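Residues in the sequence shown are numbered consecutively from 1, following the numbering used here.
Where is the CB? At the ideal position from N, CA and C, for every residue including glycine.
As the structure is a computational prediction, the values presented were derived from the model and not from experiment.
Data block below; observations after.
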Amino acid sequence: MKYPSLFRPITLKGVTFPNRIMRTSMVSGLATEDGHVTDELKKRYQREAMGGVGSIVVEAAVVLPSRSSYNLRISDDSFTEELKGLVAAIREASAEPKLGIQIMHFLKISRSGWRQKVTDFKPEDLPVIVEQHVNAAKRAVAAGFDFIELHMAHAYTLSSFLSLSNDRADEYGGPSLKNRMRLPIEVYEAVRRDVGDGFPLGVRINGEDFTIRGTTLLQSTRIAKKFAELGADYISVSAGSRFEDAPTPPANTPPDPMSGYSGHRMSPEWWFPDMTHVYLAEPIRQTVRDAGYDVPIVTAGKIRTPKQAERILEQGKADIIGLCRALLCDPDFPKKAKEGEDKDIVQCTACNWCLEADSRMEKVNCSRWPEGNLAAPVPWHKKDARASALARDAEP
Ligand SMILES: Cc1cc2nc3c(=O)[nH]c(=O)nc-3n(C[C@H](O)[C@H](O)[C@H](O)COP(=O)(O)O)c2cc1C
C-alpha cells in the first residue's frame, strides 16, 4: 500500500470512516431555490461517494426559516423525508463513506449592501438560535446521517460570535473569549444533549479569520482546546471568508464574503502554496494534544495530491485530510490513490471556477469537466479531461 496513513480507518464514537479522506462541505447550488433536495444534488453526491472517499460532509444546510436561495435546508420537519432520501441515494451508490451534514445559521444580507451583525441580535434571539440548531440536529439524525458538523467557520453566525470582531457589549461578545464562545458553546452543548454522547458531533472553526482584529491562532488554539474538552468528535480547521475586509459591492448587489483577502483564503487559489492551511491545523492539533485530548483534527486547503496528504498525516500535522475542490474535480482521487493510479488523477487547478459559480448563486461545477456536466463523468480519466479542454478550446 503506497499511502498507509491515508487509508488507515478512523473510528469516531463507533462510526468507522474507512479512510482519512473527508469531503468537506461544499455548497452546490443544486438545491431548489427554496432549499429542497433535487435529483441533480443526489447525483452529485452519488458520484462523489463512488470514488472511495472515507466520509462526506453534505453541504451547509440552513437551520433558520429565513430566505437563502439555493441553499439546502433543514429548517423544518418537512425537509426530513427528502434528506432521508438523499442519504438513501448516496448509500445506494456506495455504502462505504460515512455521511455527515453541516448545519448552519447565517447572518442576513440584502441588495442594499446591509448585512446583519452579531450586535443586531437581541438577548431573546439567542435561545432561538440554539433551538434552531437542536431541531436541525434532530432532523439530521432522523434522516439517517452518521454524524453532524456544526458550522462555526467563515462568514456565518457562530463564527461571527467567535470572532474577535464580535463587538457585543453583553456576555456574548467583546474582548473576552469566554464571552465570545458562550453562544457557540450553548449550541454545542444543547445539540450534544440532544444527539447523545454516542453520536459523532464535529465542529468546523476558522484557524484564522485573516481580517484586522479577526481570530488568529492565538484564539483558535484556545477555541479548539475548549471544544476538545467539551467532547467534540473532530475539529475541522478552515480559514477566512469573513465580510470585514470585503470591498463595497456594486449598487444593488449584496456584500460578498469571498471578495476580500479573507474571502480568498477559504479556498486558496492557484497563487497560494499547496497545503495552504496545514500550518494552522498543526498548532491547533498540538495544543489539543498537549491538553491531553486526542480529538482528530481535519485540515483542508489546496491539498492536491495523495503524496501531500500522506505526508501531512505521517508527520502528525493532522488526522483527517479534507478535500473539497480536489474531489469535485476528480471524485475518484481516493480510489486512484489506493490503486497506485495517482498519475491518472484529474488535478484541481485551484482556478475557483466552482467558487465563483457559488458567489453568483449558480450551479457549482468544475472547469475541468466537459461543458454542461453537473458531476464528473464515469469513467473519468486524465485523458478525458484533456479531450474536453481541447473540445472547449475548439469552439468558435
Ligand atoms: C464552491 C464552494 C463551496 C463551499 N461551501 C462550503 C460550505 O458550505 N461549508 C464549509 O464549511 N466550507 C465550504 N467550502 C470550503 C471547503 O469546504 C474547503 O474548506 C475549501 O475549499 C478548501 O479546501 P479545498 O482546497 O480542498 O477546496 C466551500 C468551497 C467551495 C469551493
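Cβ-heavy atom distance, residue i to ligand 1, below 8 Å
i	result
N352	yes
T305	no
L355	yes
D358	yes
R479	Given a span of 1 to 396 for the chain in the structure shown, any question on residue 479 remains unanswerable.
H154	yes
G202	no
H151	yes
P65	no
M50	no
D222	In the sequence under discussion, the amino acid at residue 222 is Arg, which differs from the Asp named in the question. No, Cβ of R222 sits at least 8 Å from all heavy atoms of ligand 1.
P273	no
A60	yes
E349	It is Thr, not Glu, that sits at residue 349 in the sequence shown. No, Cβ of T349 sits at least 8 Å from all heavy atoms of ligand 1.
R325	yes
G260	no
A309	no
P370	no
S267	yes
V364	yes
T397	Coverage of the chain is limited to positions 1 through 396, which leaves residue 397 absent and any answer about it impossible.
A337	no
V295	no
A31	no
I238	The identity of residue 238 in the sequence shown is Ser, whereas the question assumes Ile. Answer for S238: yes, Cβ within range of ligand 1.
A300	yes
M361	no
G322	yes
Q102	yes
Contact set for residue i: own chain, Cβ-Cβ below 6 Å, skip 5 residues either direction
i	result
V260	What sits at residue 260 in the sequence shown is Gly, not Val. Once the five neighbours on either side are set aside, the close Cβ partners of G260 are D245 and A246.
D319	P296 and I297
C329	V346, C348, C366 and R368
D342	P306
K382	D344 and V346
L12	P200 and D233
Cβ shell of residue i (< 8 Å), same chain only, five flanking positions each side left out
i	result
R47	A93, P331, A375, A376 and V378
H36	R73, F79 and E82
A228	I235, V288, A291, Y293 and V295
Q132	V63, L64, S75 and H105
A89	K42, Y45 and Q46
R20	S5, L6, F7, R8, I10, G54, A309, L313, D319, I320 and I321
K226	M181 and I185
I284	G207, L217, S220, T221, A224, I235, V237 and I297
E269	A350, C351 and N352
Which residues DSSP lists as bridging residue i, in chain order
i	result
V57	G100
T16	T11
I21	I321
L374	BP columns for L374 are empty, so no partner.
E208	A239
R115	I109
M275	For M275, which the question treats as bridged, DSSP gives no partner whatsoever.
T215	DSSP, once it has assigned bridges, lists no residue as partnering T215.
R193	Partner(s): none; R193 has no beta bridge.
I284	DSSP, once it has assigned bridges, lists no residue as partnering I284.
E202	Contrary to the premise, residue 202 reads as Gly rather than Glu in this sequence. In the DSSP output, where bridge partners are listed per residue, G202 has E149 and Y234.
I297	I235
V62	R73 and M104
Integer Cβ distance of residue i from residue j, believed to fall under 8 Å
i	j	result
C351	T24	That pair is no contact at about 18 Å.
L217	L280	6 Å
L183	L158	7 Å
L107	Y156	7 Å
V130	R168	Actually they are not in contact, since the Cβ atoms of V130 and R168 sit about 16 Å apart, beyond 8 Å.
R398	S262	Outside the modelled stretch of the chain, which goes from 1 to 396, sits residue 398, for which no answer is possible.
Q102	R204	7 Å
Sequence-distant residues of the same chain with beta carbon closer than 7 Å to residue i, five excluded per side
i	result
D358	V27, G29 and V364
N179	E171, Y172 and G173
F272	K302
Residue i beta carbon near ligand 3 (any heavy atom closer than 8 Å)
i	result
S25	Ligand 3 is not part of this structure, which contains only ligand 1.
| task | Could you say if the region 54-71 and the region 109-122 meet the contact criterion of at least three C-beta pairs nearer than 8 Å? | result | no
| query | Would you call the region 273-293 and the region 336-347 in contact, with 3 or more CB pairs under 8 Å? | reply | no
| field | Segment contact flag, the region 186-193 with the region 139-153, C-beta cutoff 8 Å, min 3 pairs | value | yes
| field | the region 134-149 in contact with the region 194-202 per 3-pair CB rule at 8 Å | value | The region 134-149 and the region 194-202 touch, with no fewer than 3 CB-CB distances between them shorter than 8 Å.
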